[in-house]
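Protein chains in written order, with the working numbering: chain A, 1 to 343; chain B, 1 to 343; chain C, 1 to 343; chain D, 1 to 343.
Backbone N, C-alpha and C define an ideal beta-carbon position, used for all residues, glycine too.
The block underneath contains the structure these notes are about, expressed in structure tokens.
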């Protein structure tokens, strides 16, 4: 059994980790921390866990976390980097669902996250936890930077185009739409039901923190600079990311569906649709799947890839558990094969 | 392994059965029927099952179903009764998620369902499949009438009041609110997104088919006639039933929370909240739980019970699997312990 | 032209007042106050007003408000009572959309609103602004307490039953469901989209501030004590109140639809449906209408009245403008005849 | 007074026309047709009109429509072209909200609408009713083709870029998101609440009928061929279109916000936001406004324009009334200045 600790258990990625882990046959949940709810039962805050988890929130405390084999950080950006060095020194494996270890260059990180990095030396050591790209590295990792929700959907969608060189000189656009849970559980006016319901909007059009994260991976894969625009939107649903990806100026006539099917043939959590089928966020709700479709409409030179995930599962907690499975040498799909919730 | 067949696999209770059963460790799905989709892969119609089910819809056909140990009917009212006698004669156990076997009196059934009953002799043999009320009978049953979604929420909420005699001379009101999936997958104007979204309404205020079903059970439990009013409403969410139950004219000062806690102490799928906590449908989404709270507000003589379930799980497919587990002598909770999906 | 001031223009009732008043042919908006947005253009905060209002928020200030003929308070409870005496002394008419002047008894007010009342002597002078009940008094009023949203829907629904004496000895229940905008624009976790969306819940089951307000009016109308239970719920839509009203134990066989039609025959803003028709909140969205239906189902002794309003219009800003029209001697319906927004 | 007839009054554009026209001071609604509801009161089908319209649906009939000065077709594609020649010959002005007269080339029309055109000679005579582009022609028109909802949002967003030549050699992408009411009132499974709610999807990615309509206008304006990709999506809200427009490969450093502000300075129904502000569909709900923002993010060569409208108002019924006002020589904004509904 793997003893697990979760730092920041009151946010949406925290409770989603709990939902998945209470059904994981090889996990024992030892510690769940929360500053605000310390002393309260987890199932009082989240009655959805009433029948499956009998544990009390504790204050975050490294001494307490040392009982664990694996610690997940589902905390705000800047929290994990304060505690990770000590945990690693105790031989504890760490998976950070926030952004502390996603960017390799400390200066870039500090520019986008507006604070000094507490342990820049760990940035190179951390593995970017996208198993479909870095599976072997993850197996050996002690520190995994779990990808952001948008980056997961966007990178999986562009990967075959970049690896194959088809999109080498094209311009890339990611027009991405997220459910409101992606904004977290903080109490803010723009994510109130009365504001976000019956509404559609873009936000952070000129600068979103996932842009440098995505760009870094796309450029590593394509081995040259990419011209990349990212437009995030908020859509009135709780869960799901839908990324409409454009590669503009494609000069190739190869069979793209075939290319994608081959690339992802061995991947349990990526489904490539046959031509004519299109993905919907509802197809992946509550599941760890990513579904892709590829087309080149209007006989033009623009490739359109559609990519859907559940932002809280493949875009956060599910992918984190997938990484844990790899890091601990157990079957990658353990605890993650629940079918999507439809309708 | 239990070989399972599902008649009517394209409706919402059908796909929910599939979602639960693909993760059930002791079930093999052998047959899924659909007149309209026969020949198509189930996962083409429901891509949420792409990674977990590789089977093709077939036309409903008793010969084909005879390979199964257990057949679920997730079909329209009036379908199961045409095929059940032959299946039973072959030793196959049947669980009907529709209404064909819920009402004991054939005349009452025919009055509410506007058709002659095809096998009225089976009505007495069928067990009303509410495990919290009829567990021992279900274990021995060959034919189970799976309760309706509203009846499940309402009966579980009223049960301790009636069994204890507290509500003997009171008037009972169930003001119930359902998510739109309760109306099924038929294409109708009132359940279009543009009509049911951002809208709240009552329907069938003067006559709803769940009224006689609920009344029959309440009267059996209380052993006398009950004065019962049932008002169903449609609320703009996909899943969930919230029943606000009133017992008007209560002359008793016993501790009601304690009464409920004792009644349901051994029930894994019924949670009774401490005083001051209130249930929400989101606490039970995608789970087989029913959560109850009890209060007697404004120092009055009216008891208010709040009861929530997921209409497609404890109100349909989950309860059906719970019944199957009992009928086949395996652990009642097998395949049903997934925590609710929050948010 | 009536010069109008609005105190608390950044909340939902404030912006709704603005929406209605910018199209009102006899109103000039002079002052809109907001502590947090003072100095900003109203249309920057609310771009829905970009084409129709060119005015800047100012800090609340009695000196500034004295330029107005009429001041609306769309502010939190406890604000109006601090400023009203001075405004009245200047001959300015006041309509308070909050609760400061709704309860006649100061002790009751202080018990429910947890603060001392700043001008208890004005409580008797204030007119409870339900035009269908107090039209003549409102015409002469200088201070109107605009009814709460729930009270408007509930009182209009029960009124004919109480006035006629039919419900004299019955027990009254209001099972009321509100859209989330009723909770206001404060940033709170329970009204986040991810919490309130795809969710249904009850709240304040044991004590809601609208209970004494409704009870006071019902008892005045019926001229005796009423046994009244009120259960408010939150439903995942932005606007709308749906009240399901029960009068339990009715001993009468008169034609209730006829009773209601006669009572409201002269009322432009109350529609009584023919038997068999049922109201939906969508029928009144963005309009000042209240729609009612009446039935006595299952041949029983319980009368069921359904009452729908838009909580921000007939339940707040629309009714306030209706009151203003009456107080200033202009046609009651001026600026209020926009049809509902469907779909 | 203008006597108005509406053919196809039961769909969403029909009821939206009624909502606007009942408050239009110079219009009298004479005829509203519906095959399915003939003989029923309009307000029985649409109780939102109970207080403002007392008229009965009639069967569509040219003889009956001849009493009108202006006839709106809110009917399915292919209906208007059957009746328009006769109405025009009687001197009646016609505004078609469907697609019969939007495409100039009959062959193209027949290719996309899969039927022969009944009066191809009228295609040249019809004026494409986008007032911001064709105001003077509309004033003289007897037959106006009211633009589609997507085309309105997309064309208004691209117009200044094309008129100025900035986007001459760029590639244009319209990533457009629509509320579900855009799909109409037909009863179809994909637009059921349980399917479209809590879901986001693309549709008609390879071929949507608005593509040739938009392309025709863009090419006329830019006076050369345009490389244009159009991806429509369905978003879980009732009303609203959000178009994210990309002009890829822009070689210019002029002040785009200034360009747009100048182009639309005289337009009452187009608002250009200052830099840093972003539009939301909720800002224009129930109003005839289009709000635009312009940016060139990440120091790149891609211009991003955001364009929002209410698909049923500026995208259909509101724009139709704007056209009617122009055709009849009355103030263009009459009946159309209602502020948006927020929240």
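Could you give the distance in angstroms between the alpha-carbon of residue i and the alpha-carbon of residue j?
| i | j | result |
| --- | --- | --- |
| residue 135 of chain A | residue 273 of chain D | 46 Å |
| residue 335 of chain D | residue 318 of chain D | 9 Å |
| residue 133 of chain B | residue 173 of chain C | 29 Å |
| residue 55 of chain B | residue 42 of chain B | 6 Å |
| residue 73 of chain B | residue 8 of chain B | 7 Å |
| residue 201 of chain B | residue 89 of chain B | 45 Å |
| residue 321 of chain B | residue 106 of chain B | 27 Å |
| residue 38 of chain B | residue 45 of chain B | 11 Å |
| residue 35 of chain D | residue 10 of chain D | 9 Å |
| residue 206 of chain D | residue 297 of chain A | 5 Å |
| residue 26 of chain C | residue 329 of chain C | 12 Å |
| residue 327 of chain D | residue 83 of chain D | 20 Å |
Return the Cβ separation of residue i and residue j in integer angstroms, given the expectation that the two are a contact with Cβ distance under 8 Å.
| i | j | result |
| --- | --- | --- |
| residue 241 of chain D | residue 149 of chain D | 6 Å |
| residue 231 of chain B | residue 333 of chain C | About 33 Å; that fails the 8 Å criterion. |
| residue 187 of chain C | residue 188 of chain A | 5 Å |
| residue 310 of chain A | residue 293 of chain A | That belief does not hold up - the Cβ atoms of residue 310 of chain A and residue 293 of chain A are roughly 17 Å apart, past 8 Å. |
| residue 345 of chain B | residue 151 of chain B | The requested residue 345 of chain B does not occur in the structure, where chain B is confined to residues 1 to 343. |
| residue 248 of chain C | residue 248 of chain B | 5 Å |
Taking its Cβ as the centre, do 16 or more other Cβ atoms sit within 10 Å of residue i, making it buried, or is it exposed?
| i | result |
| --- | --- |
| residue 263 of chain A | buried |
| residue 131 of chain B | buried |
| residue 140 of chain D | exposed |
| residue 116 of chain B | exposed |
| residue 102 of chain D | buried |
| residue 5 of chain B | buried |
| residue 212 of chain D | buried |
| residue 40 of chain A | exposed |
| residue 346 of chain A | Outside the modelled stretch of chain A, which goes from 1 to 343, sits residue 346 of chain A, for which no answer is possible. |
| residue 282 of chain C | buried |
| residue 338 of chain D | buried |
| residue 80 of chain B | buried |
Going along chain C, which residues have a C-beta under 8 Å from residue i?
| i | result |
| --- | --- |
| residue 187 of chain A | 187, 188, 189, 192 |
| residue 286 of chain D | 286, 341 |
Could you confirm whether any beta carbon from chain D is found closer than 8 Å to the beta carbon of residue i?
| i | result |
| --- | --- |
| residue 237 of chain A | yes |
| residue 198 of chain B | yes |
| residue 227 of chain A | yes |
| residue 51 of chain C | yes |
| residue 171 of chain A | yes |
| residue 6 of chain C | no |
Who are the neighbours of residue i on chain A, taking C-beta pairs under 7 Å?
| i | result |
| --- | --- |
| residue 181 of chain C | 194 |
At 9 Å on the CB atoms, spell out the chain A contacts of residue i, in chain order.
| i | result |
| --- | --- |
| residue 64 of chain B | Simply none; closest approach about 24 Å. |
| residue 12 of chain C | 194 |
Quick one: does residue i have its CB under 8 Å from some CB of chain C?
| i | result |
| --- | --- |
| residue 297 of chain B | yes |
| residue 310 of chain B | no |
Within 8 Å (strictly less), CB to CB, does residue i reach chain B?
| i | result |
| --- | --- |
| residue 18 of chain C | no |
| residue 156 of chain C | no |
Check the Cβ of residue i against every Cβ in chain D and list those closer than 9 Å, keeping chain order.
| i | result |
| --- | --- |
| residue 46 of chain C | 283, 339, 340, 342 |
Since residue i meets chain B, which of its residues come closer than 8 Å, beta carbon to beta carbon?
| i | result |
| --- | --- |
| residue 203 of chain C | 278 |
How about residue i: is its C-beta nearer than 8 Å to some C-beta of chain A?
| i | result |
| --- | --- |
| residue 319 of chain B | no |
Just to check, is the beta-carbon of residue i closer than 7 Å to a non-hydrogen atom of the ligand MN?
| i | result |
| --- | --- |
| residue 343 of chain D | This structure lacks the ligand MN, and indeed carries no ligand of any kind. |
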